[in-house]
Amino acid sequence: MLNGKKILLVISGGIAAYKSLELIRLIRKNGGDVKCILTQGGAQFVTPLSVASLSENPVYTDLWSLKDETEMGHIRLSRDCDLIIIAPTSANMMAKMAHGMAGDLASTTLLASNKPIMVFPAMNPQMWENAATQDNIKTLAARGIKIISPATGDMACGEVGKGRLPEATEMLESLITHFQNNKPLAGLRAIVTSGPTFEPIDPVRFVGNRSSGKQGHAIARALSDMGASVTLVSGPTSLKDPDDIKTIRVETTAQMLEFCQKSLPADIAVCAAAVADWAPEQYASSKIKKGNDDKLSLSFTQNPDILKTLSTPSSSRPALVVGFAAETEHLLDNAKAKLTKKGCDWVVANLVSADNPAFNVDENQVYFVTSKTVEEWPKSSKDDIARQLVERIAKHFANKAFKIAAE
Ligand code: CTP
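When the letters of the sequence shown are read in order and numbered with our numbering, they come out as residues 365 to 771.
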């Protein structure tokens, strides 16, 4: 239920911190990945070793860690997740957040974050009721931070009242609900092309390329996670079909085009496939034998351009068409030319070089190119690039809906 979701869990000081250990276990059991920041207070109640063992990830504790901060650890931590949760959230932690303080790793990461944040306050009932705490809660809620109210009951301090951290299963439910509700692309249909295409020469040989399909598959997953109904048209890859996504496996460019067209109408098309531009003019129905000649000549014809076909103005053109450009030189000029030549709306461009092989690797460095802007996105995982692109797509459709509503 949390398949592939990346959660950053901040554990601040409180006797209830033991429940966060169980929460880590439940997140992982439900398919999520969890990284943890342990505050100084949190570390008084649970040990870094338990947190690391259960999360199977390093535990982050120190803003001034030479190792983590040479890679700008707090910025990375704040960006490399889908959701940040703080469980338990102490009164002190809320006060720091409300006032934008950044004196330790947890508060600095929270201040640097552009991700949704969910807090699970837990404290003594008097501390919860205190006007200072209540004011801080109002401030945080007004900033869009999701506050999950504490439960009422017996407290570890012997008092009875509101301030208990919910049980781990209840916290897990809040996370699942968050991801179910956070679906800005619900109701929209998307087509994604992914992987290479293979053009057969004879029954045993083909012309193809090294594309792994990682980027296209990640985009399909990210679109689906945000609620879009996705059809993934994939060339031959070793990746398994993503869960809950309609995946059509094809081999040739002609088949890829055929199934893209059959999947119309759609609101979004993302052409991430590394399509073979050329196909052998003739297919030999039996294996070509070496014979006496030490040369083999093949002639090729150009394949149909799927991106261009989908971008052509028509009643079935998706409202947003995104292409990719892999170039070995003049990256931005070529990417801008591709926008016009293909008629798509956006191009995600990457320079293929020794520093950035782009194919068959997990990380990539891309430029996001529209008719008006060029943005350089930092080198990151293909999953992150997918998420960033899909967040853009969601924003685009939200702006469009707003314009229509305002008209
Ligand atoms: N593409 C496509 N169908 C093709 C060729 C490319 O849909 N027959 C799409 C790719 O999926 C990608 C974009 O077009 O989104 C750019 O592909 P690329 O091969 O880089 O561009 P080309 O059109 O081949 O241009 P050139 O050969 O000049 O680089």
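Built from N, CA and C at the ideal position, the CB exists for glycine as well.
If you draw a straight line from the alpha carbon of residue 552 to that of residue 423, how long is it in whole angstroms? As a working note, residue 552 is residue 188 in the sequence shown. As a working note, residue 423 is residue 59 in the sequence shown. In a straight line, the C-alpha of residue 552 is about 38 Å away from that of residue 423.
Taking C-alpha atoms, which residue in 728, 444, 515 lies nearest to residue 368? The residue labelled residue 368 in the question sits at position 4 within the sequence shown. When each option's Cα is compared against that of residue 368, the closest is 444.
Verify the contact flag: residue 671, CB atom, against every heavy atom of the ligand CTP, threshold strictly below 6 Å. The count along the sequence shown starts at 1 and reaches residue 671 at position 307. Yes, the beta carbon of residue 671 sits closer than 6 Å to at least one heavy atom of the ligand CTP.
In terms of residues, what are the limits of the beta strand (DSSP E) holding residue 731? Counting from one through the sequence shown, the residue named residue 731 turns up at place 367. Per DSSP, residue 731 belongs to the beta strand (DSSP E) from 731-734.
Should residue 459 and residue 500 be called a contact, given that it needs their Cβ atoms to be closer than 7 Å? To locate residue 459, count along the sequence shown from 1; it is residue 95. To locate residue 500, count along the sequence shown from 1; it is residue 136. Yes, the pair counts as a contact, with Cβ atoms nearer than the cut-off.
Quick one: residues in its chain with C-beta nearer than 7 Å to the C-beta of residue 769, no 5 flanking neighbours on either side, listed in chain order? For the purposes of this step, residue 769 is taken as residue 405 along the sequence shown, with counting starting at 1. With a pLDDT of 48 at residue 769, under the threshold of 50, the modelled position of that residue is not reliable, and the figure given next carries that caveat. Counting only Cβ-Cβ distances below 7 Å, and skipping sequence neighbours, we find nothing.
Report the residue from 717, 711, 751, 763 whose alpha carbon sits nearest the alpha carbon of residue 739. Against the sequence shown, residue 739 aligns to sequence position 375. Cα-wise, what sits closest to residue 739 is 711.
Buried or exposed for residue 763, going by 16 or more other Cβ atoms inside 10 Å? Sequence index remark: in the sequence shown, residue 763 carries index 399 (1-based). Its Cβ having fewer than 16 others within 10 Å, residue 763 is exposed.
To the nearest angstrom, how far is the alpha carbon of residue 683 from that of residue 706? What you label residue 683 is simply residue 319 of the sequence shown in a count that begins at 1. What you label residue 706 is simply residue 342 of the sequence shown in a count that begins at 1. The alpha-carbon atoms of residue 683 and residue 706 are separated by roughly 15 Å.
Taking 6 Å as the cut-off, is the CB of residue 772 close to at least one heavy atom of the ligand CTP? No information on residue 772 is available, as it lies outside the stretch 365 to 771 that the chain covers here.
Can you tell me where the beta strand (DSSP E) with residue 357 in it begins and where it stops? Residue 357 cannot be examined here, being either before or after the span of the chain that is shown, 365 to 771.
Where does residue 496 land, buried or exposed, given buried means 16+ other C-beta within 10 angstroms? In the sequence shown, residue 496 corresponds to position 132, counting from 1. Looking at its Cβ environment, which holds fewer than 16 other Cβ atoms inside 10 Å, residue 496 is exposed.
Own chain residues within Cβ distance below 8 Å of residue 412, not counting five before or after: Mapped onto the sequence shown, residue 412 falls at position 48. Counting only Cβ-Cβ distances below 8 Å, and skipping sequence neighbours, we find 402, 423, 425.
Under a Cβ-count criterion, where at least 16 other Cβ atoms within 10 Å of its own Cβ denotes burial, should residue 652 be classed as buried or exposed? Indexing the sequence shown from 1 puts residue 652 at position 288. Its Cβ having fewer than 16 others within 10 Å, residue 652 is exposed.
Whole angstroms are fine: how far does the CA of residue 572 sit from the CA of residue 429? Residue mapping note: residue 429 aligns to position 65 of the sequence shown, counting from 1. Residue mapping note: residue 572 aligns to position 208 of the sequence shown, counting from 1. Whole-angstrom Cα-Cα distance: 46 Å.
Are the stretch 382-397 and the stretch 455-473 in contact at 8 Å, needing three or more beta carbon pairs? no
Is the beta carbon of residue 379 less than 7 Å from the beta carbon of residue 520? To locate residue 379, count along the sequence shown from 1; it is residue 15. To locate residue 520, count along the sequence shown from 1; it is residue 156. A contact, by the Cβ cut-off of 7 Å.
Using only the alpha-carbon positions, how far apart do residue 454 and residue 538 sit? Numbered from 1 along the sequence shown, position 90 holds the residue referred to as residue 454. Numbered from 1 along the sequence shown, position 174 holds the residue referred to as residue 538. Straight-line Cα distance between these residues: approximately 19 Å.
At which residue ranges does the stretch 489-553 contain complete beta strand (DSSP E) runs of 3 or more residues, listed in the order of the chain? 515-518, 524-528
Is residue 662 helix, strand or coil when you go by DSSP? Position 298 of the sequence shown holds residue 662. Coil at residue 662, not helix or strand.
Hey, out of 718, 399, 737, whose CA is closest to residue 438's CA? If you number the sequence shown from 1, residue 438 lands on position 74. Here the closest residue by C-alpha is 399.
Please state if the CB of residue 406 and the CB of residue 376 are separated by a distance shorter than 7 Å. Within the sequence shown, the letter at position 12 stands for residue 376. Within the sequence shown, the letter at position 42 stands for residue 406. Yes; because the gap between Cβ atoms is below 7 Å, this pair is in contact.
Buried/exposed call for residue 529, threshold 16 Cβ in 10 Å: For the purposes of this step, residue 529 is identified with residue 165 of the sequence shown, where counting begins at 1. Flag for residue 529 reads buried.
Alpha-carbon spacing of residue 476 relative to residue 470, whole angstroms: For the purposes of this step, residue 476 is taken as residue 112 along the sequence shown, with counting starting at 1. For the purposes of this step, residue 470 is taken as residue 106 along the sequence shown, with counting starting at 1. For residue 476 and residue 470, the distance between alpha carbons rounds to 10 Å.
Would you kindly report the start and end of the unbroken alpha helix (DSSP H) that includes residue 670? Here residue 670 refers to the residue found at position 306 when the sequence shown is read from its first residue. 670-675 is the extent of the alpha helix (DSSP H) around residue 670.
Per DSSP, what kind of secondary structure is residue 580 in: helix, strand or coil? Indexing the sequence shown from 1 puts residue 580 at position 216. Correct three-state label for residue 580: helix.
Just how far apart, CA to CA, sit residue 404 and residue 704? Looking up residue 404 in the sequence shown gives position 40. Looking up residue 704 in the sequence shown gives position 340. Using only the alpha carbons, I get a separation of about 55 Å.
Does the Cβ of residue 641 lie closer than 6 Å to at least one heavy atom of the ligand CTP? As a position in the sequence shown, residue 641 is number 277, starting the count at 1. Under cutoff, so the answer is yes.
Taking residue 624 as the reference, which of 673, 502, 523 has the closest Cα? Residue mapping note: residue 624 aligns to position 260 of the sequence shown, counting from 1. Closest by alpha carbon: 673.
Between 638, 507, 452, 366, which lies nearest to residue 541 when the distance is taken from Cα to Cα? Within the sequence shown, numbered from 1, the residue matching residue 541 stands at position 177. The shortest C-alpha separation from residue 541 is found at 366.
Would you check whether the ligand CTP has a heavy atom nearer than 6 Å to the C-beta of residue 494? Here residue 494 is taken as the residue at index 130 of the sequence shown, counted from 1. Outside the cutoff, so no.
As a quick exercise: from 547, 617, 636, 417, pick the residue whose alpha carbon is nearest that of residue 642. Against the sequence shown, residue 642 aligns to sequence position 278. Checking every option, the nearest Cα to that of residue 642 belongs to 617.
What alpha helix (DSSP H) runs, 4 residues minimum, are completely inside the stretch 383-443? 412-419, 430-433, 437-443
Local Cβ density within 10 Å of residue 506, reported as buried at 16 or more and exposed below that: Here residue 506 corresponds to residue number 142 of the sequence shown, with the count starting at 1. Answer is exposed; the Cβ neighbour count stays below 16.
Count the other C-beta atoms from every protein chain shown that fall within 10 angstroms of the C-beta of residue 408, then say buried if there are 16 or more, exposed otherwise. Within the sequence shown, residue 408 is the residue found at index 44, counting from 1. Residue 408 comes out exposed.
Can you say whether residue 568 is buried or exposed, counting buried as having 16 or more other CB atoms within 10 angstroms of its CB? Taking the first residue of the sequence shown as 1, we reach residue 568 at position 204. Residue 568 comes out exposed.
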